[in-house]
Each structure stands twice: as C-alpha cells, then as structure tokens.
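Working notes, beginning with the structure itself.
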Amino acid sequence: MSWDNRIKIVNNLSKIDVNILGQGSALYVRVTREESIKQGLSIPNQRNRGLEVAANRGWKWVKVYVEPKHVSAELWIDKRTALAELINDLKTGKIKRVFARHQDRFWRSSEVRDKLLQILRTHEIEFWDFDSLKDYRTASGKFALKVQADACEYEKDITSERIREMKRGKAMSGRPAGGPPPYGYTCQARVKREFMQKEGFNEEEAYRKACEVIPNKKEWFINLSEAEVLLLIISTYLSKHPSLVVSSQCLPKFRPEIQKRISHIFQNSKVPMGSHRIAEMLNIQDYRNINGHPWNGSKVLSIINNPTAFGYVTYDEVSYEKKQPANLPRRNSKFFRAIHEPIIHPELWQEVQAVKNRNTANLRTKSRTGRTYPLSKLIFCGKCHSSMRAMSQGLKRPFAYYVCKKRSYYGADIKNNPRACDFPRINARYAEESIWKNLLSLAQFPSDALASLEKIKAQRRKQRPLLKEAYEQIKKEQMVLRGLVQKYYSRFETSRDSAEEDLAWQKLIELKTWQNELNDKEQELKQELSKKWMRQPEKIINYQLEKFKALVGKIKNRRLLYQALNEKYRFRVVAHERYLIEPRIEIDLLQRKRALELPELTRKIADETHLIKLSKRIDIQPADRKPIKAWIQEEQGKHVCVCGCGHFIQIGPQHRTKGIPRYKFGHHTFPLMQKMRRYNEKGLYTISQISKMLGIGHSTIRRCLGRLFLEPTMTVFRNKIKLFTEEQIKIMKLAWLGGKLKKDKPEIFEN
Ligand SMILES: [Zn+2]
Ligand SMILES: [Zn+2]
Numbered sequence: 015m016s017w018d019n020r021i022k023i024v025n026n027l028s029k030i031d032v033n034i035l036g037q038g039s040a041l042y043v044r045v046t047r048e049e050s051i052k053q054g055l056s057i058p059n060q061r062n063r064g065l066e067v068a069a070n071r072g073w074k075w076v077k078v079y080v081e082p083k084h085v086s087a088e089l090w091i092d093k094r095t096a097l098a099e100l101i102n103d104l105k106t107g108k109i110k111r112v113f114a115r116h117q118d119r120f121w122r123s124s125e126v127r128d129k130l131l132q133i134l135r136t137h138e139i140e141f142w143d144f145d146s147l148k149d150y151r152t153a154s155g156k157f158a159l160k161v162q163a164d165a166c167e168y169e170k171d172i173t174s175e176r177i178r179e180m181k182r183g184k185a186m187s188g189r190p191a192g193g194p195p196p197y198g199y200t201c202q203a204r205v206k207r208e209f210m211q212k213e214g215f216n217e218e219e220a221y222r223k224a225c226e227v228i229p230n231k232k233e234w235f236i237n238l239s240e241a242e243v244l245l246l247i248i249s250t251y252l253s254k255h256p257s258l259v260v261s262s263q264c265l266p267k268f269r270p271e272i273q274k275r276i277s278h279i280f281q282n283s284k285v286p287m288g289s290h291r292i293a294e295m296l297n298i299q300d301y302r303n304i305n306g307h308p309w310n311g312s313k314v315l316s317i318i319n320n321p322t323a324f325g326y327v328t329y330d331e332v333s334y335e336k337k338q339p340a341n342l343p344r345r346n347s348k349f350f351r352a353i354h355e356p357i358i359h360p361e362l363w364q365e366v367q368a369v370k371n372r373n374t375a376n377l378r379t380k381s382r383t384g385r386t387y388p389l390s391k392l393i394f395c396g397k398c399h400s401s402m403r404a405m406s407q408g409l410k411r412p413f414a415y416y417v418c419k420k421r422s423y424y425g426a427d428i429k430n431n432p433r434a435c436d437f438p439r440i441n442a443r444y445a446e447e448s449i450w451k452n453l454l455s456l457a458q459f460p461s462d463a464l465a466s467l468e469k470i471k472a473q474r475r476k477q478r479p480l481l482k483e484a485y486e487q488i489k490k491e492q493m494v495l496r497g498l499v500q501k502y503y504s505r506f507e508t509s510r511d512s513a514e515e516d517l518a519w520q521k522l523i524e525l526k527t528w529q530n531e532l533n534d535k536e537q538e539l540k541q542e543l544s545k546k547w548m549r550q551p552e553k554i555i556n557y558q559l560e561k562f563k564a565l566v567g568k569i570k571n572r573r574l575l576y577q578a579l580n581e582k583y584r585f586r587v588v589a590h591e592r593y594l595i596e597p598r599i600e601i602d603l604l605q606r607k608r609a610l611e612l613p614e615l616t617r618k619i620a621d622e623t624h625l626i627k628l629s630k631r632i633d634i635q636p637a638d639r640k641p642i643k644a645w646i647q648e649e650q651g652k653h654v655c656v657c658g659c660g661h662f663i664q665i666g667p668q669h670r671t672k673g674i675p676r677y678k679f680g681h682h683t684f685p686l687m688q689k690m691r692r693y694n695e696k697g698l699y700t701i702s703q704i705s706k707m708l709g710i711g712h713s714t715i716r717r718c719l720g721r722l723f724l725e726p727t728m729t730v731f732r733n734k735i736k737l738f739t740e741e742q743i744k745i746m747k748l749a750w751l752g753g754k755l756k757k758d759k760p761e762i763f764e765n
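So the sequence shown is numbered by this note's numbering: it starts at 15 and just counts up by one.
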C-alpha cells in the first residue's frame, strides 16, 4: 500500500493546523559515502520506507530532515546541518517524536548519544526506529541502547582498522592500494573508458577490448605516451641522457623513432633545468598533462616527487603506528618495492631528491632590492618573542634593519593597541657583522652543563629500581586481567538468555578498556627502562663542538651557513635590546646515536634532557660610533650643493644612516621643476602657486574654475597642469574679494 495519501509531509512548521500541532514526527535521514553504495541505505530508500512506516502507524504529519552531505555520525551538530535544524525544531514543542531507520543514523559514538538523549529527555520526545519505540528513560532501556551503540562504535572502529591493515598489506606486497593509476601508468578501467570515449564502443565491447590489452584488472601498466614525458622530465632534471635514466624493463617498449625523438629533445635543450623551465620546454614541444592542459612548474614537481614511476609503492608507517589515517606525503613515507614495472631506474630516486634539495629554498635568498638578509626567520623579538622581518629604507636602501613582525604589522603604539610591540628596530649591518665575528666563540665548552648532566644521571639512578618495580606490578595485573577476560568471554558464549549476555558483554567492554590502559602504561615504562644514559658526555660534547666549528669553517655563504646551523643545532638569535643580541645553539647529545637507528622524522624530536644549550650575549654597537650630535657638528659645513649655488647642505640626524644628500633642499634640477621655472619666467603660474599667492585652498580654486574663475590659459604635462597669466590672477583676486561665490553656497550659510 502506498503512503502518500495517508500522511502529510510538512516543510514549514509554522503552517501546521493547530489541532494536530503537537502530533508531529521528525524523520532523520543520513548516509555516509561507503553506506550509500550498499543497497537499501540510499537517501530515497530511507525516506520512502520511513514515510511508509509513519503512515502505517497512523502518525499525523512528518517533517523529513536529510543531511545534505555524506557525514559521519560521530560528528556533532556543527557538522550536521539537518540534525541541527531538527534540534532547533524540537524546542518549538510541535514535534512529538523523532525516528530513523536505526539508531546508528543518529549516533555512532557514546559521546553524541549522550548529548542527543539529554536533549530528547528535556523536551520529552519519543524515540523510535523503523521497528519499535525505544525506551531511553528506564534503566533497562538505557542499558539496551548503550550496548547497541557500543556495538555500532565497535563495528566502525573494526572497519577502519581492517581497511588500514588491508592497505598496509597491499603496500608491503608491492601492490597499489586503490585509487586511479598515477601519471605514466594505466589500468584496465581507464583503457575501457578510453575505448568508450574515443572509439564509441558500448560498455561490453569496450570491456572485451580492454581485457585484450590488459588482462589483469588490478595491476598498473606503463602508458607509453605518458612514460615518454616522464622520461623527458627526469632526464632533463638530472641532466642525464634518457638512455641512462630509463629502466631496463621500460626501454624495449619504446619504438626506435620515439627513442630518437626523446634523445633529440634532450640534446637540444640546455640541461639542467628546474621544474618551471621543464614545464616551458614540454609546452613548446606540444606535450599536455594528464588533464589535457599545458604543463606548469608544480605539476612537473609533483611528478618529480612521486616515487611510483621509480617502481615503489609507499605506506605511511608513522601514522600507522599512531593508529591514524595516513597523512605523510608519499616521498616521506616508507618505500616498498612495487610489482608494477618501473619507468625510471629505481636507484635514481635518491639522486633526484638530492638535486631537488639543492635547487630549492636555500638558493632563493635574494630580495628584490638585491640585498640578502641572512638572519631573517632566525632572529626573534626579545619582548614578544615573535620573529623579526628584514626591511630596508632609503633611495638606494642604505639603511637595513630587522623589525619585530608585530611592530611591523600593528605598529609601536602599545598604549592603544594591545597587539602592538615597541621593541626597537635592530640595525641589520651591525647585527650581521657581530654575529659573523662571534660565531666561533659560541663553541666554548659549557662547564655548567656537565654539572646538570651529573644531576640528571643521579636522579635516573635513583628512579630505576622504582620503575622496575612498577613494571613488574603491571605485568602481574595483566596476567590477572587475561584470566578475567577469558572467563567472561566463555560466559558470554555460553549464556542462555539475553540479559545474561548483555551483562557479560558490558563487563567485557570494561575489562578491555582496562587492558588497553595497562598495555599503554607497560609500553611507556618499557621505553623508559630501555633508555641508556651515555657514558662520557664530555667526549660527545667535545665531538659535537668540533663538528660545529668545522661546519662554520666550511660554508662561506652566511645565509646557507645559518640555515645549516639551524637545521643541525637549532641556531637562532634573540634580540634583547637595540644593541644587545644573543645567538643561541643547542647540541643534542643523542644525535649521533639516533642518526644510526631512528627514522629521520623521529630523530628531529629531540629529548629535552639531552640538549646542551649554548649562547652568548653580544654588544653590537661599534666602539667608534659617535653620539649623533657630535657627528652632525663634524659634518656640518663640509658638503656643498651640487647645483653650483655655493650653499652648504643642512645636515640632519637622519643623514647618518640614509646618506648625505647632494642637493640643498629645493635645489634639485628635476626636469619638471626646470620646466615650471621657465613658465614662471614667462608669467604663467600653476594653481598651487596661485593658491599660495591668494591664500585660497587649491581645491577651492579647482572647484570654481569655469564658474567664479576663468578657465586656464593653457594646460601642459598631459593636461594635468593648468597655467594662468598674471592678468587672470588679478581677475581671480577681484572675483574672490567681491564675494560672488556666496551665491553658490547653500542658504544656511547666508547670515
Ligand atoms: Zn615584538
Ligand atoms: Zn644649490
């Protein structure tokens, strides 16, 4: 039987008949991406079935709430718009009950469940699924809901875990974990699609053809036209002939004329090239990227960054350890040898990455003004601790300084702006020079560090027996727990009625969480116990200091050196006052040991206790720097104006850093000024000159032109400068004094 004439569907709550106002039902519909594929869960299905159920139960009217996007039921109303609307409508009191296909439409975690049930309780709303009324007020009803929700949560966790395991397993055996094939490769589905689009085959025909070309459904195969481009990109990037770059499996696939073409293009281009130049070259050769568009630098770089063409598949082991979804870029994940054929020789991957690291970041240090600022991003404000940026001033940028980012953005007015910072600007030249001179003096043996190391050593010696004891205790508890879990599990298996089963299930969940907590603790303690304290910290410190000195001696470019120091020793500079700065380095005592055994990412997270911090305060004010007044006195009367007038130049305090000007103020022979002077000699004056003569604002003069005043005699300089004769100026003066302007003014000014 159809539901459509037995039940009313309402969209706007304010239009409901008063008699049936409190009789409403709210149907909630939600799907996730995976669920929508399964049968019976699509939005129309849920909606129709829900309306049918409502009609059969004789409910008066229904409002349907459909989540517009695929959302998970773990999220709360800020991400679920339909649920938010529903909760809003509940507050009006017009709705008597909410219902959905199953309670898992509303929640899949205990947190969301508790929040939502609390709302239902306060408004006294009934809660139904398609089968029956659910009781959430009595103890047993609550318990049943809880167990079901826990089961939902468990199912969700298990599924995501299973998918993770599946993907990892695939990566380890070298197979792709799903998704479309990367650039350079193709698969059966893609070949089939191309047959349908280009040849106009129907689906069955295209499938048959595709099976002939690629028999295995899930594997990736080399796409020759894309492989050609890939080969060109890598060989020009490495400046190696394509025949040395291509893998032995891929080479025989290219026809001789294609091999010749690739080699020809390579020899005609000026290698090596960066990603942007490669993109340009490809576009000139009429190659197009995977979407049929011209190449650009970042697309080329993404090819260079993708290890697939080198015959690897990757898996993000770091996130796997943390039980999180993968988020590392491919090039930083763990590599596995793939079963698909490589296009590029696998051993070249390291070489390509080395070229990339050499090309990027470090070399782009020149600013537009031609100055480099070796300390930018490394120097920090001593007041607000934000980093300082480099700036320069003046015509030829003679005065460069580092300024606190907050000051540069919010200004120095700390009284009116709480975010401002009034830390003074640091003279870049002084700071850079004095740090360059004092770098090596940083590497002095820190005697106080040894004392604190001894302290930590003693502390650990004391702690160790306690830690061991705690570890043994946990081991014992774990054993007891295992027995308990076994017991309740068998009780759950053999239970005869559902109440007994529920109880056992509940107990099992409790025990499991307890067990997990204990496992975490055990791991922690185990790690702590396995840490070994180094035998001779003095030796390691000395070794590291020698390495530091060697590095300082090796790199001559300041910017590159500071960056290398920052990477290895966390080099940074703190500015304390205008002329007092403090360079700092940190030496990680575990660095050498860690480098051997840990993956790169974890190595960077250094243990605080193993850090030796070295720093030195430097006064950067040059000793021979005079007070500004003495300097002005000395320079006064030494500099003559270049224009030939014979006057001396007035020296100001700003001239020390910005340089002394060549002309006296107003004497500069700008071409336009000379032109104007010639017009003045002929008796022609500009508006700003007239404004000074008559004491009228120049915008007033402009406004009154053609009304109170006459039009200009002539206009020069692209019609921008208006010129008037002396005769005209006299008439203007008379007109102004005659007060004819008053007629133009509005009446309120009359008296
Ligand atoms: Zn600051
Ligand atoms: Zn002069």
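We put the beta carbon where it would ideally sit given N, CA and C, even for glycine.
- Cβ atoms of residue 109 and residue 101 stay farther apart than 8 Å, at about 10 Å.
- Of the other Cβ atoms in all chains shown, fewer than 16 fall within 10 Å of the Cβ of residue 752; this residue is therefore exposed.
- The C-alpha of residue 76 lies about 55 Å from the C-alpha of residue 350.
- Out of 577, 553 and 590, the CA that lies nearest to the CA of residue 603 is found in 553.
- Between residue 69 and residue 21, the C-beta gap is smaller than 8 Å, which places the two residues in contact.
- For the pair of segments examined, the stretch 151-159 was found not to touch the stretch 191-210: the number of CB pairs separated by less than 8 Å stays below three.
- Non-local C-beta neighbours of residue 299 in its own chain, meaning closer than 7 Å and more than five positions away in sequence, comprise 279, ordered along the chain.
- If you look at residue 340, you'll find it isn't in any alpha helix (DSSP H); DSSP assigns it neither H nor E.
- By the Cβ-count criterion, residue 455 is exposed, with fewer than 16 other Cβ atoms from all chains shown falling within 10 Å of its own Cβ.
- Rounded to whole angstroms, the separation of the alpha carbons of residue 737 and residue 729 is 6 Å.
- Per the DSSP secondary-structure output, residue 407 pairs in a beta bridge with 413.
- Given a length threshold of 4 residues, each whole run of the alpha helix (DSSP H) inside the stretch 492-553 is given here in chain order: 512-544.
- The criterion of a C-beta distance shorter than 8 Å is satisfied by residue 434 and residue 420.
- In the three-state reduction of the DSSP assignment, residue 59 falls in the helix class, which pools H, G and I.
- At a cut-off of 3 residues, the continuous stretches assigned as beta strand (DSSP E) that sit fully inside the stretch 565-594 are 586-591.
- Residue 354 sits buried, since 16 or more C-beta atoms from the chains shown fall within 10 Å of its C-beta.
- Beta bridge pairing from DSSP links residue 728 with 737.
- Residue state for residue 434 is assigned as coil, using DSSP reduced to three classes.
- Residue 525 has its alpha-carbon roughly 18 Å from the corresponding atom of residue 513.
- Taking 7 Å as the cut-off, one finds no heavy atom of ligand 2 near enough to the beta carbon of residue 653.
- Assignment of beta-bridge partners to residue 348 by DSSP yields 329.
- If you compare the alpha carbons of 467, 517, 200 and 689 with that of residue 625, the shortest gap goes to 467.
- For residue 717, there is no enclosing beta strand (DSSP E); the enclosing alpha helix (DSSP H) covers residues 712-718.
- Counted as a single uninterrupted DSSP element, the beta strand (DSSP E) harbouring residue 40 occupies residues 38-43.
- In this structure, residue 398 has its beta carbon less than 7 Å from a heavy atom of ligand 1.
- In the three-state reduction of the DSSP assignment, residue 23 falls in the strand class.
- At least 8 Å separates the beta-carbon of residue 485 from that of residue 532.
- From the listed residues 398, 593 and 123, the smallest Cα separation to residue 166 is found for 123.
- Within 7 Å of the C-beta of residue 731 there is not a single heavy atom belonging to ligand 1.
- The C-beta of residue 507 has fewer than 16 other C-beta atoms within 10 Å across all chains shown, which makes the residue exposed.
- When DSSP states are grouped into helix, strand and coil, residue 166 belongs to the helix group.
- The C-beta distance from residue 551 to residue 464 rounds to 7 Å, short enough to meet the 8 Å contact threshold.
- Fewer than three pairs of CB atoms, one per stretch, sit closer than 8 Å, so the stretch 225-235 makes no contact with the stretch 328-346.
- Taken from the Cβ of residue 313, every heavy atom of ligand 2 lies 7 Å or farther away.
- Taking C-alpha positions only, residue 661 is separated from residue 628 by approximately 55 Å.
- DSSP, reduced to helix, strand and coil, places residue 596 within a strand of the structure shown.
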